[in-house]
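Right, one structure below, let's go through it.
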DNA sequence: CGACTTGTTGATGTACATCAAGGTACGTGG
DNA sequence: CCACGTACCTTGATGTACATCAACAAGTCG
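Chains as they are written, first to last, in the numbering used here: chain H, 1 to 260; chain E, 1001 to 1260.
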């Protein structure tokens, strides 16, 4: 039975009162994100209740609990995952700077998934109870949230296609490609290189494969020389080649993506 | 290679001008759905551009195209799916009455998935260009859309866990259970029985398995006598038993679900 | 005209050989 | 100690082939 390494559950620390003013939000430098109007900026500043620094390995959200907070990632990597009672783990998606966490908590009493920090992170914290105010007074921001939810859905669709119907090679090629592209979008790459914070066990749990098989497949895929991955440093060499192996075509995005 | 039966692509007919007034919307009888205020009802009536009757097998939305319309299902079953260039098909989710289709088209230029009617259906049609008006003037409805998107995400999460980490038996038990529960929610069941409009090929493409293996697993699962399924008639006998086999726990929903 | 036969098709059920993926074990190197 | 790499054996899943059965259409005969 494929059982993931038992994740040590670290609880989240309380949010610090510290509030970097939103005008100086580091996310505003990211070109792929839309800009806020002065009025929006003012509201978001007010909406924000503080910042949170969490260490790698911390569980930001935990399956079976409820969270009074919503988060926007300011820096660092994390992943959403679910676990079965016997410890089998499925990683659902990775979350990078500008991604939004916790919206599902508005539908269910209890979170149906967990989120764990892959690296040290900084999070922007919003109280869930003010969410309604956002919908009432800031339709542009409300639309942004829907946009983000629909985008998450679209990523999950593609991921499900991978796990359900792509071969191990295809899956792996697809994952590496997509992760690189998403990191690139938010400025985490330097040229064709990227610091990849996850292990082969993470990859295995993302693609629904065993660790051993992931390793073997990774070796076979590396032989195509479409990328290099050694000691956390990932370098993409032949993007089109990877896409071809994955039989994946990147969707065209309609507009610059929003962030809250 | 597991290739789905080649789906004949039938185009959607143009929406009929016919508009059943929203006060008489058949969905309003469903207890699980929230009620609309008079003002909301008035707007939705205006938002609605017509109705659409489609035959089983019709593609309501098509991967790679863009759709000017959004749909709420008034009656009938359909499924969202993606296909790889060589014909491998992954069914992402089923859509039942009160479910909303097409929101992803607001994020991407082109649809990244298709939707096919499983049975004859009636759809309520909305023009996408009026969506912004809804966000601007009807925050409660905007919130409903977000709620629906978050719910879809939650279903996909669980589905991904299934395909990635559950065994064939568990997957199958999970699917049958969840489909029954969703049908029950919108009043499509009679006691413990349900008209199931899909074939074993659909099940296979949903769970990421081959047709043959689906059939064998279905036989083994049927031997547990937790359900009966013959000639489109599905009867659930031991719900808790199925849930135990699937190691699945149904999430608690926070509020009565909305529909547009 | 209706009843019966025949052929076709789609869905299901099963056998068997093959193969991709899993599990265990035991390396290495940092 | 943990992440990675690899060998070896096992098993779960696939692909192909073929059989059954019901639904349906077309054609034939009394």
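We put the beta carbon where it would ideally sit given N, CA and C, even for glycine.
| message | By the three-class DSSP mapping on this structure, what secondary structure does residue 129/H have? | response | helix
| request: Answer yes or no: does any C-beta atom of chain H fall closer than 8 Å to that of residue 1129/E? | output: no
| query | Beta-carbon of residue 213/H versus every beta-carbon of chain E: anything under 8 Å? | reply | no
| field | Contact under 8 Å by Cβ, residue 221/H with residue 183/H | value | no
| said: Distance cutoff 8 Å, beta carbons only. Does residue 78/H sit that close to anything in chain E? | reply: no
| field | Beta bridge counterpart(s) of residue 75/H as assigned by DSSP | value | 122/H
| message | Helix, strand or coil for residue 1245/E? Go by DSSP, reduced to three states. | response | helix
| Got a sec? Which residues, its chain only, sit under 8 Å from residue 21/H by beta carbon, not counting five neighbours each side? | 45
| request: Select from the segment 1100-1127 of chain E all residues with a C-beta closer than 7 Å to any C-beta belonging to chain H, and list them in chain order. | output: 1103, 1104, 1106, 1107, 1108, 1109, 1110, 1112 and 1113
| field | Cross-chain neighbours of residue 1151/E in chain H, by beta carbon under 7 Å | value | 107
| Is the shortest distance between the beta-carbon of residue 1142/E and the beta-carbons of chain H less than 8 Å? | yes
| field | Coil, strand or helix - residue 1204/E by DSSP | value | helix
| query | How about residue 1156/E and residue 160/H: are their beta carbons less than 8 Å apart? | reply | yes
| Under 7 Å Cβ-Cβ, which residues of chain H neighbour residue 1088/E? | 165
| Stretch-stretch touch, CB-based, cutoff 8 Å, three pairs: the segment 57-77 of chain H with the segment 98-116 of chain H | yes
| field | residue 1235/E versus residue 1122/E: straight-line alpha-carbon distance, rounded | value | 25 Å
| field | Proximal residues, the segment 175-209 of chain H versus chain E, C-beta separation under 9 Å | value | 205, 206, 207, 208 and 209
| query | By Cβ distance below 6 Å, which residues in the same chain neighbour residue 226/H in space, the five residues on each side in sequence not counted? | reply | 237, 238, 241 and 242
| message | For the pair the segment 1209-1224 of chain E and the segment 1161-1169 of chain E, tell me if three or more CB-CB distances fall below 8 Å. | response | yes
| field | Delimiting residues of the alpha helix (DSSP H) encompassing residue 155/H | value | 139-165
| message | Between residue 1081/E and residue 1091/E, how many whole angstroms is the CB-CB distance? I'm expecting something under 8 Å. | response | 5 Å
| beta strand (DSSP E) segment containing residue 104/H, residue limits | Here residue 104/H belongs to no beta strand (DSSP E), and DSSP marks it neither H nor E.
| query | Along the chain, where does the beta strand (DSSP E) that runs through residue 1042/E open and close? | reply | That residue, residue 1042/E, is in no beta strand (DSSP E); its alpha helix (DSSP H) goes 1038-1047.
| said: Which residue marks the beginning of the alpha helix (DSSP H) containing residue 1110/E, and which one marks its end? | reply: Taken as a continuous stretch (DSSP letters only), residue 1110/E belongs to no alpha helix (DSSP H), as it is neither H nor E.
| said: Contact defined as beta carbons within less than 8 Å: I believe residue 175/H pairs with residue 232/H. What is the distance between those atoms, to the nearest angstrom? | reply: The pair is not a contact, with the Cβ atoms about 16 Å apart (cut-off 8 Å).
| Limits of the alpha helix (DSSP H) - the one that residue 32/H falls within | Neither: residue 32/H is in no alpha helix (DSSP H) and is coded neither H nor E.
| said: Here's the rule I'm using: 16 or more other beta-carbon atoms within 10 Å means buried, otherwise exposed. How should residue 205/H be labelled? | reply: buried
| field | residue 102/H versus residue 1034/E: straight-line alpha-carbon distance, rounded | value | 23 Å
| query | How about residue 1127/E and residue 1049/E: are their beta carbons less than 8 Å apart? | reply | yes
| task | May I ask you to report which of helix, strand or coil DSSP gives residue 181/H? | result | helix
| query | Where does residue 225/H sit, in a helix, a strand or coil, going by DSSP? | reply | coil
| request: Identify, in the order they occur along the chain, each residue of the same chain with its Cβ nearer than 7 Å to the Cβ of residue 66/H, setting aside the five sequence neighbours on each side. | output: 105, 109, 110 and 111
| query | On the three-state DSSP scale, how would you describe residue 1062/E? | reply | coil
| N-terminal and C-terminal residue of the beta strand (DSSP E) that residue 95/H is part of | 89-95
| Quick one: which chain H residues come within Cβ less than 7 Å of residue 1136/E? | 139
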